[in-house]
Amino acid sequence: MTFSIVARQGDAYGVAVASKFLAVGALVPEAGPHGAVATQAWGRVAYRRELLDALADGQSPEAALERCTAADAGSATRQLGVVGAEGAATFTGAEAPDWAGGRSGEADDLAWAIQGNILAGEQVVEQMERTWLERGDLPFEARLVAALRAGDEAGGDRRGRQSAAVVAHQPGRGYDETGVLADLRVDDHPDPVAELTRLLDLHELYFGLPGEPIPLTGPLAEEVRRRLAEQGRTHQDLRAALTDWAGEVNLEGRLLPDGIDARVLQMLRERPGG
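Following the working numbering, the numbering of the sequence shown begins with 81 at its first residue and continues without gaps.
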């Protein structure tokens, strides 16, 4: 009742998933420093920890998946995707509801497992894989969601749409360097993949790394000073006014010592009164 991509890019692991099912992000995906897992169809949530622990112990995705499903009396009803440092594996039990299937692969620093059940057809996983391979220009978590969106546009879950999620982990990244690149869920929405895309853009705005600094000199400095004054920041010192405003709108992580980030400038220009 779900389609997902589980993937690795370098040392980043993640899952993007969508379904005609309430709060799919609460049940299907998990990612950590050693790998990522999606458990679906008649999903067994315990697989997430079992498989991630096996990957942390050095097992390959194929070996971990085979060992876990062999011990599960209900494995014929399951569907799984697993990615670790040594590759990727996908599993579709014989009793998973049609259309059901998946594909996995490796290339350069990438590994992926894409799978789904009750899909509009095999084209869903085909389009997801094609988009995943083509969109190397995107940040990892956005690349996952782009692949998910391609599957949705190819027909996705043939029963309709309801929820979507993305989780991604990379050591040393994320808020406070926790490793959490993204952990976003749309639990109940008429167009959940589009809404997930919107949330991910906001996540990048608030938690992403700032770009190259634009020098705050000349006419641009005067424009920023004027726009900050219109927001009630009338400090004589431009940097103090900008810092004060950025703290109010949660953009303090994008402040730069020697200029202004392009997205900070864009948001300042778009704010009412700015």
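We put the CB at the ideal spot given by N, CA and C, even for glycine.
Computed from a prediction, not measured in an experiment: that's the story for all the values here.
For residue 304, there is no enclosing beta strand (DSSP E); the residue is found in the alpha helix (DSSP H) stretching over 298-310. If only uninterrupted beta strand (DSSP E) runs of at least 3 residues are considered, those enclosed by the region 136-191 are 158-164, 167-172 and 181-187.
Classified as exposed, residue 126 has fewer than 16 neighbouring CB atoms from the shown chains inside 10 Å of its CB.
When C-beta atoms of the region 295-306 are compared with those of the region 271-287, fewer than three pairs fall below 8 Å, so the two segments do not count as touching.
Bounds of the beta strand (DSSP E) holding residue 110 are 109-112. The DSSP-derived three-state label of residue 234 is coil. Residue burial annotation: residue 110 is buried, with at least 16 other C-beta atoms found within 10 angstroms of its C-beta. A direct Cα-to-Cα measurement between residue 254 and residue 284 gives close to 10 Å. Pairing residue 155 with residue 149 gives a Cβ-Cβ distance under 9 Å. Secondary structure of residue 199 (DSSP, three-state): strand. Residue environment: residue 182 is assigned as buried (16 or more neighbouring CB atoms within 10 Å of its CB, all protein chains considered). Excluding residues up to 5 positions away in sequence, nothing lies with its Cβ nearer than 7 Å to the Cβ of residue 319 in the same chain. Only exposed fits residue 187, as fewer than 16 other CB atoms lie within 10 angstroms of its CB.
Distance check between residue 246 and each of 229, 258 and 235 places 229 closest, using alpha-carbon atoms only. When DSSP states are grouped into helix, strand and coil, residue 248 belongs to the strand group.
By the neighbour-count criterion, in which 16 or more other beta carbons inside 10 Å mark a residue as buried, residue 82 falls on the buried side. In this structure residue 232 is buried. Its beta-carbon is surrounded by 16 or more other beta-carbon atoms within 10 angstroms. Assignment of beta-bridge partners to residue 93 by DSSP yields 88 and 249. Nearest Cα to residue 274 within the set 316, 256, 308 and 222: 222. In terms of CA proximity to residue 121, 159 leads the group 205, 142, 159 and 193. Under DSSP, residue 120 forms a beta bridge with 159.
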